[in-house]
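**Q**
Numbering (the numbering used here), first residue to last: 3 to 261.
Below you can see the structure in the form of C-alpha cells.
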C-alpha cells in the first residue's frame, strides 16, 4: 500500500532536510568575553591571549563568525582562525627580522662602499702624483738624453780632431826623423856641425869628419861619387847648417818648457 501523502515519517527526505546545518549568524561582538563564549568549551583555547598574551579584537571575533565552515568541522572554526592568525604573526615577525638583517647588511655595505670610495680617492691622488712625477722624470730624462747626444757628438768631434792631431804628430815625427837623418853625419854618427857637401850628390857631413875621410879616400862617403877636378868640392852646405841651428833652438826651448 503506498504511503499516505500525509505520513511525514515515511516521506522522501527533501533537500532542505538533507542540507548541512549552519550556525546562525550572530551579531558582531564588541568584547573579548563574547569571543570566548563563541569558542566551544572542549577546545581549551583562551581568546584573551596567545603565546604573547595578545587579545582578540572585536574585528577578530567578528571575522570568526564570517569564516565558512563545513558541517563536520564547525567546531574547529575559531581554532583554525586562531592558528592562522598566529602563523601569520610569526611570518610577519620573521619577515621583520629578515628586513632588519637586510638593513644591517645594507649598512655594512654602505660603510664598505664609503671605505672603497676613500681608498679609490687616495689611490687616484697617488696615481695623479705619480703621473706628474713620471712626466717630470720623462722630461728630465729627455733633456738628459739631448745633452748626452750633444756630448757624444762633441766627443766624436774631439776624437776626430785628436785623430787629426795624432796623424799630424806622426807625420811631423816622420818628417823630424827625415830631418834628423838629413842632419846626421854618417862618419861620426852624430849631428852635423859646420855642414859640408862632398859632391853635387847633396850628401852633407861634418867638415872635420869629411876632411879626415878625404885624407884616405876620395869622393862622397855615402854614395862614393867622385867630384870632377876643379869643380870646387867639397863645399859648405849653408842651407843644412841654417836648418840645424833652427832645430837646435827649438829643441832647447822645448826642454826648458818641460822643465
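Glycine included, C-beta positions come from ideal geometry on N, C-alpha and C.
Run through DSSP, which three-state label would residue 217 get?
**A** Residue 217: coil per DSSP, three-state reduction.
**Q** What three-state label does DSSP hand residue 234 in the structure shown?
**A** Looking at residue 234 - three-state DSSP - the assignment turns out to be coil, as it is neither helix nor strand.
**Q** DSSP has residue 186 in a bridge; who is on the other side?
**A** In DSSP, residue 186 forms a bridge with 193.
**Q** Locate the beta strand (DSSP E) running through residue 206, then write down its first and last residues.
**A** Unbroken beta strand (DSSP E) run through residue 206: 206-208.
**Q** Among all the DSSP beta bridges, which residues are the ones paired with residue 198?
**A** Answer is 207, 238.
**Q** Does residue 56 pass the burial test, meaning 16 or more other C-beta atoms within 10 Å, or should it be called exposed?
**A** The predicted position of residue 56 is uncertain, since its pLDDT is 42 and thus under 50; no value can be drawn from it.
**Q** Specify the secondary structure class of residue 80 as computed by DSSP and reduced to three states.
**A** Looking at residue 80 - three-state DSSP - the assignment turns out to be helix.
**Q** Shortest alpha-carbon distance to residue 292 belongs to which of 114, 119, 247, 259?
**A** Not covered by the structure: residue 292. The range shown for the chain is 3 to 261.
**Q** Put residue 226 into one of helix, strand or coil per three-state DSSP.
**A** Note: residue 226 maps to coil in three-state DSSP.
**Q** With distances taken from CA atoms, which of 126, 119, 212 is nearest residue 187?
**A** When each option's Cα is compared against that of residue 187, the closest is 212.
**Q** Within the same chain, show all residues whose beta-carbon is closer than 7 Å to that of residue 209, passing over the 5 residues directly before and after it, in chain order.
**A** Counting only Cβ-Cβ distances below 7 Å, and skipping sequence neighbours, we find 196, 198.
**Q** Are the beta-carbon atoms of residue 236 and residue 216 separated by less than 9 Å?
**A** Yes, the pair counts as a contact, with Cβ atoms nearer than the cut-off.
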